[in-house]
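Visitor:
There are 2 protein chains.
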Amino acid sequence: MDMEKGPLERAAAEEYASWFKALADATRIQIVSLLARRRTPMSVGEIVAASGVGQSTVSHHLKILADVRFVLVERQGTSSLYRINEACVSCFPTAADVVMGNPVPAPPTCE
Amino acid sequence: MDMEKGPLERAAAEEYASWFKALADATRIQIVSLLARRRTPMSVGEIVAASGVGQSTVSHHLKILADVRFVLVERQGTSSLYRINEACVSCFPTAADVVMGNPVPAPPTCE
DNA sequence: TTGCTTCATCGACTATCGTCGATTATCGAT
DNA sequence: ATCGATAATCGACGATAGTCGATGAAGCAA
Chain A
527 MDMEKGPLER
537 AAAEEYASWF
547 KALADATRIQ
557 IVSLLARRRT
567 PMSVGEIVAA
577 SGVGQSTVSH
587 HLKILADVRF
597 VLVERQGTSS
607 LYRINEACVS
617 CFPTAADVVM
627 GNPVPAPPTC
637 E
Chain B
527 MDMEKGPLER
537 AAAEEYASWF
547 KALADATRIQ
557 IVSLLARRRT
567 PMSVGEIVAA
577 SGVGQSTVSH
587 HLKILADVRF
597 VLVERQGTSS
607 LYRINEACVS
617 CFPTAADVVM
627 GNPVPAPPTC
637 E
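Line by line, the protein sequences give chains A and B. All residue numbers for the first sequence refer to this note's numbering, where the first residue is 527 and numbers rise by one. All residue numbers for the second sequence refer to this note's numbering, where the first residue is 527 and numbers rise by one.
(1) Return the CA-CA distance between ALA562(B) and ARG565(A), expressed in angstroms with no decimal places.
(2) Compare the C-beta of TYR608(B) with all C-beta atoms of chain A and state if any pair is closer than 8 Å.
(3) Terminal residues of the continuous alpha helix (DSSP H) containing LEU591(B)?
(4) I want to verify the contact list: residues of chain B whose CB lies under 9 Å from the CB of MET568(A), in sequence order.
(5) Do PHE596(A) and LEU549(B) have their CB atoms nearer than 8 Å?
(6) Going by C-alpha distance, which of VAL615(A), ARG554(A), GLU535(A), VAL624(A) is nearest ASP623(B)?
(7) Distance cutoff 8 Å, beta carbons only. Does PHE583(B) sit that close to anything in chain A?
(8) Does any residue of chain A have a CB that is nearer than 8 Å to the CB of ALA592(B)?
(9) How about LEU534(B): is its C-beta nearer than 8 Å to some C-beta of chain A?
(10) Can you find a CB in chain A that lies within less than 8 Å of the CB of VAL558(B)?
(11) Secondary structure at ALA632(A), three-state DSSP: helix, strand or coil?
(12) Assign ALA537(A) to one of two classes, buried (16 or more other C-beta atoms within 10 Å of its C-beta) or exposed (fewer than that).
(13) Straight-line CA distance for VAL630(B) to TYR542(B)?
What follows is the structure in structure tokens.
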């Protein structure tokens, strides 16, 4: 394998970036930390009430977080219950992973 | 202290986000990993040659990384030598930090 | 069925971001 | 002082992303 020349392959760099992009927004950070505080799943309405942004905006961010498997959804009746994905939290790449050229964790791509 | 109601304070969320934003771009990931591979400082010209994007673009990204203290600069003659900041790499927040509401590391704000 | 509630999706607007080419500033050497 | 090399800054462009209001879709109850 050619790992001597140049930087990371572009593809690997993009995959890494897609991880960090998921947490590169203040609203998403709030949503994630909110879901973590309440250990129990939350409906979209609850998240909207607690986060102070519009319902469509929350839905949008939840979709982004769900695409990366950072949160998990479970439809219950007329409402969607979201909870954070502990497994995804622990496999989230660190800066050291990037710097050491470790293989990129899988979840973001397995959408 | 009020840590029961609502999500993270907006300010803390923004500081967290500013960390992740720094690595939320494939080109910056490449630059960082490139600087880490070569243990020795690199000039902008070398980084340009290895990263395949324009000189002004590289300079722009280096500035972003330097603002967050992720890389350190040292002017030497007519060229600027960049190297990664190991200290900043190790204090880079993890997803677990966000989820557990840990205090945001300092460097990004100390610009 | 008709309503009501909850959420996802759509369309539009704005702001931010990444990229480039060109210009400017700084340093060294002649 | 002038020239050449290196890198930072500027201005502009296109693309992406965050937000909102409005609309649409799915479920439940009457």
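Where a beta carbon is used, it is the ideal one built from N, C-alpha and C, also for glycine. Bear in mind that the values here come from a model prediction, so they are computed numbers and not experimental data.
Guide: With the given structure in hand:
(1) If you number the second sequence from 1, residue 562(B) lands on position 36. If you number the first sequence from 1, residue 565(A) lands on position 39. Cα to Cα, ALA562(B) sits roughly 38 Å from ARG565(A).
(2) As a working mapping, residue 608(B) is identified with position 82 in the second sequence. Chain A, which has no Cβ nearer than 8 Å to the Cβ of TYR608(B), makes this no.
(3) Translated into positions along the second sequence, residue 591(B) becomes position 65. Segment 581–593, the alpha helix (DSSP H) holding LEU591(B).
(4) Here residue 568(A) corresponds to residue number 42 of the first sequence, with the count starting at 1. Contact note: MET568(A) does not reach chain B at a C-beta cutoff of 9 Å; the least C-beta distance is about 11 Å.
(5) If you number the first sequence from 1, residue 596(A) lands on position 70. If you number the second sequence from 1, residue 549(B) lands on position 23. No.
(6) Numbered from 1 along the second sequence, position 97 holds the residue referred to as residue 623(B). Here the closest residue by C-alpha is VAL615(A).
(7) What you label residue 583(B) is simply residue 57 of the second sequence in a count that begins at 1. Correcting the residue identity first, residue 583(B) is Thr in this sequence and not Phe. No, THR583(B) lies away from the interface with chain A (no Cβ there is under 8 Å from its Cβ).
(8) Indexing the second sequence from 1 puts residue 592(B) at position 66. For ALA592(B), the answer is no, since every Cβ of chain A falls outside 8 Å of its Cβ.
(9) Looking up residue 534(B) in the second sequence gives position 8. Under the Cβ distance rule, LEU534(B) counts among the residues neighbouring chain A, one pair being separated by less than 8 Å.
(10) Position 32 of the second sequence, counting from 1, holds the residue named residue 558(B). Any Cβ of chain A closer than 8 Å to the Cβ of VAL558(B) would place that residue at the interface, and such an atom is present.
(11) Counting from one through the first sequence, the residue named residue 632(A) turns up at place 106. Three-state result, ALA632(A): coil.
(12) Here residue 537(A) corresponds to residue number 11 of the first sequence, with the count starting at 1. By the 10 Å Cβ count, ALA537(A) comes out exposed.
(13) Here residue 630(B) refers to the residue found at position 104 when the second sequence is read from its first residue. Here residue 542(B) refers to the residue found at position 16 when the second sequence is read from its first residue. Pairing VAL630(B) with TYR542(B), the inter-Cα distance amounts to about 6 Å.
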